[in-house]
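Residue numbers (my numbering), protein chains in the order written: chain A, 1 to 202; chain B, 1001 to 1202.
Step one of this worksheet: look at the structure below.
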DNA sequence: CAATTATTTTGAACGGTGTTCAATATTTTT
DNA sequence: AAAAATATTGAACACCGTTCAAAATAATTG
């Protein structure tokens, strides 16, 4: 019967949960194969029957983090607001999520793939929703922009927002005073949104 | 004689050069203590007499990278231009440096300190020049802003520029098409600069 | 210039890492 | 119930950064 499949899925789930807990608590750089397998209640080698790699397991954790972020941003979304306000809301929502789930959020970016082995396509696709929800208010702001240009601009905007947040929260460089992060982020978003809007009238 | 001091400095220099070459070629995550020491022509333990750590050696490489960036931006600086144009120039200069020295540039940020051991103060200070040269055009743009606010804004601006560039060049997330990076960066800078300027007139 | 002391350089050894794989245990099929 | 197919196990492996007693070298002394 499908008992095999069942146990296999159960093991994968247990490993995933154990890894997520460990990452949330100690950060992705402190994740150890021996720790997760012990937490999950299987032998060391069991990890490699459920996932190809410790890296692969981390990618799956990141996948759940992205889903949680998606959920979080969807909740924070407000209709009946100006596109600028919607962008402001998204940026604040992203910041709020990053603060509330710092280690899981950091794992999305810290996780450096070995060599030139890029993330698998299915995981890269998961990033696209982020860009699509940014692109939507942009469309209202600059309706005459081509879809391609708008997609590029959404990436630019995300990069800027993420850069501002990460330089402060990751604290590996000279960041902002944390208490001023919200306002700075907000002002920059408004500047860019206004810039986009004025460009339309030009 | 000062023969001791002399040899010691020579070893430090050889290790530094070997490490920089290795990082530039293979990336900081592929730097191995056994490789650098072999390249530098000393025993494995020699590294730990010259530097406290492999991490410490990497920080010193990063220090030279920052100096090179400083040099590069100073050359690119143009007087007799509008503050907006100077900011545009700085952003393009930063991009150009990142492209030309990708692995060394990435090492400035990839390098994750273990636990909560922050970078030493002398190295953090080296970052400040970057912010100071951003703050200068900002002063012209918004002369009524307090020095502190301007310092914060400079960090924000750097975070945005760095975020846009790194999300594309580090390719660990969904980045921009590389050929559009220059223009996007430029347009965002102009938007923010114009936003800052218009705020002044408000 | 020895002889002695102070310092540096060396590299085998240590503890910890991710990963593998023959042996064992388990589930499925016959 | 026996046999075949599969999954789980954990000792062993290769590699990593780091340490530290021993060997080599430099400085000082008589």
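Each residue gets a CB set at the ideal place from its N, CA and C atoms; glycine is no exception.
Note that the structure is predicted; figures quoted are calculated from it, not measured.
In this structure, the beta-carbon distance from residue 29 (chain A) to residue 1112 (chain B) falls below 9 Å.
Residues of the segment 151-174 of chain A that bring their beta carbon within less than 9 Å of a beta carbon in chain B comprise 152, 153, 155, 156, 157, 158, 159, 160, 161, 162, 163, 164, 165, 166, 167, 168, 170, 171, 172, 173 and 174, in sequence order.
Across the segment 1124-1137 of chain B, CB contacts with chain A closer than 9 Å involve 1124, 1127, 1128, 1130 and 1131, in sequence order along the chain.
The residue among A:198, A:108 and A:132 with its C-alpha nearest the C-alpha of residue 61 (chain A) is A:108. Across the structure, residue 147 (chain A) and residue 1162 (chain B) are spaced so that their CA atoms are roughly 25 Å apart. The segment 1174-1185 of chain B makes no contact with the segment 1061-1070 of chain B, as fewer than three CB pairs between them are under 8 Å. The residue among B:1086, B:1095 and B:1189 with its C-alpha nearest the C-alpha of residue 1170 (chain B) is B:1095.
Counting only residues of its own chain and dropping the five nearest sequence neighbours on each side, residue 44 (chain A) has a CB closer than 8 Å to the CB of 33, 34 and 37. Judged by DSSP secondary structure, residue 161 (chain A) falls within the alpha helix (DSSP H) whose first and last residues are 147-169. At a cut-off of 9 Å, the C-beta of residue 1063 (chain B) has no neighbouring C-beta in chain A.
In this structure, the alpha-carbon of residue 180 (chain A) lies about 14 Å from that of residue 1159 (chain B). By the criterion of at least three beta-carbon pairs nearer than 8 Å, the segment 1081-1099 of chain B is in contact with the segment 1188-1200 of chain B. Taking residue 126 (chain A) as the centre and dropping the five residues before and after it, the same chain places the C-beta of 63 and 66 closer than 7 Å to its C-beta, in chain order. Distance check between residue 1168 (chain B) and each of A:119, A:165 and A:156 places A:156 closest, using alpha-carbon atoms only.
For residue 90 (chain A), the enclosing alpha helix (DSSP H) has its first and last residue at 83-100.
Closest option to residue 8 (chain A), judged by alpha-carbon separation, among A:129, A:119 and A:42: A:42.
With fewer than 16 other Cβ atoms from the protein chains shown falling within 10 Å of its own Cβ, residue 1124 (chain B) counts as exposed. Counting the other CB atoms within 10 Å of its CB gives residue 1025 (chain B) a total below 16, which places it among the exposed residues. Take the alpha-carbon of residue 14 (chain A) and the one of residue 103 (chain A): they are about 20 Å apart. For residue 152 (chain A), the closest C-alpha among the options A:143, A:137 and A:131 is that of A:131. Chain order gives no chain B residues near residue 97 (chain A), where near means a beta carbon separation below 9 Å; the closest approach is about 16 Å. For residue 1008 (chain B), the uninterrupted alpha helix (DSSP H) run begins and ends at 1003-1026, by DSSP. Measuring C-alpha to C-alpha distances from residue 68 (chain A) to each of A:78, A:79, A:101 and A:86 identifies A:101 as the nearest. In the structure shown, residue 111 (chain A) adopts coil according to DSSP, grouped into three states.
Note on residue 1081 (chain B): under 16 other CB atoms within 10 angstroms of its CB, so exposed under the neighbour-count rule. In its chain, beyond the 5 residues on either side, no residue has a beta carbon closer than 6 Å to the beta carbon of residue 99 (chain A). When 7 Å is used as the limit between beta carbons, residue 176 (chain A) is near these residues of chain B: 1152, 1155 and 1156, in chain order. Residue 1051 (chain B) sits away from residue 1106 (chain B), with the two beta carbons spaced by 9 Å or more. Close to residue 1110 (chain B), with beta-carbon spacing below 7 Å, are these residues of chain A in chain order: 112. Rounded to whole angstroms, residue 73 (chain A) and residue 141 (chain A) show a C-alpha spacing of 20 Å. Of the residues assessed, residue 137 (chain A) falls on the buried side of the cut-off, its CB having 16 or more other CB atoms within 10 angstroms.
Here DSSP, grouped into helix, strand and coil, assigns residue 1038 (chain B) to helix. Taking the Cα positions, residue 194 (chain A) is about 32 Å away from residue 1070 (chain B).
Identification of chain B residues near residue 93 (chain A) by a Cβ-Cβ cut-off of 7 Å yields none; the smallest Cβ-Cβ distance measures about 17 Å.
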